Amino acid sequence: MKYRLLIFFVFISGLGKAQSYNRETNNNKTYNDSTAKVEIYTIYELLKHGEKFDNMAIKFSQDPGSYKEGGALRPSTMEGYVGEYRNIVLNLSIDEISIPFKTEYGYHIVQLISKKDDVYGTRHILLRID
């Protein structure tokens with residue numbers, strides 16, 4: 001119980017500093033680098049303690065193209081993805097969740113959901129930095 005209260009406090013304090021976000025997702029907040037980092041690590045801790053990835057992506061991801069699908073992206077060879085994302089995915093096991101990492105788009109958490117030959121199925125949670 002004590003741990004959940006701490007997570008809740010950190011999570012709420014991060015939201016309190018966020019402002020309005022104009023892209024079409026359920027998370028209409030604007031983050032700077034430090035508030036995004038605090039919130040993505042809070043989401044990561046919740047995932048580690050049993051929260052469902054797809055539910056968290058629907059609620060928090062700021063990727064308008066995937067949040068409605070629980071963060072799922074189309075299966076891909078990872079060509080054309082930014083290097084940080086690609087390198088993380090290539091080193092994950094099926095169902096493994098990455099630690100949070102930063103790209104030019106913001107902070108991500110990625111889960112590898114399938115791999116067949118060189119085609120990877122992933123889902124992610126993105127918090128944009130504006």
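Mapping the sequence shown onto UniProt numbering, position 114 (from 1) lands on 114, and the numbers just tick up by one.
Cβ atoms here follow ideal geometry from the backbone N, Cα and C, with glycine treated the same way.
Just so it is clear, the structure is predicted and the values come from calculations on it, not from any experiment.
Closest by C-alpha distance to residue i, when choosing among the options
i	options	result
N91	K68, G106, K115, E104	K115
I109	T30, T35, F60, S34	F60
D118	S34, E79, N32, I99	E79
E45	G121, P100, G106, Y81	P100
E104	I113, Y81, K52	Y81
L126	Q62, E24, T35	Q62
T122	D130, G83, I129, I113	I113
Any non-hydrogen atom of the ligand PLP closer than 7 angstroms to residue i Cβ
i	result
H124	No copy of the ligand PLP occurs in the structure displayed, which carries no ligand at all.
Straight-line Cα distance separating residue j from residue i
i	j	result
A72	S66	6 angstroms
N26	P64	9 angstroms
V89	I97	9 angstroms
D54	E69	7 angstroms
Y85	I94	16 angstroms
I43	H49	10 angstroms
Y41	N28	18 angstroms
Y120	K102	20 angstroms
L47	M56	8 angstroms
Neighbour-count burial assignment, residue i, 16 or more Cβ in a 10 Å radius
i	result
E39	buried
Q111	buried
P75	exposed
H124	buried
I58	buried
T77	exposed
G106	buried
Beta carbon proximity, residue i to chain C, threshold 8 angstroms
i	result
L92	This model lacks chain C altogether; it includes just one protein chain.
Taking only runs that begin and end inside the UniProt domain "PpiC" (24 to 114), name each unbroken beta strand (DSSP E) of 3 or more residues, in chain order.
-> 101 to 103
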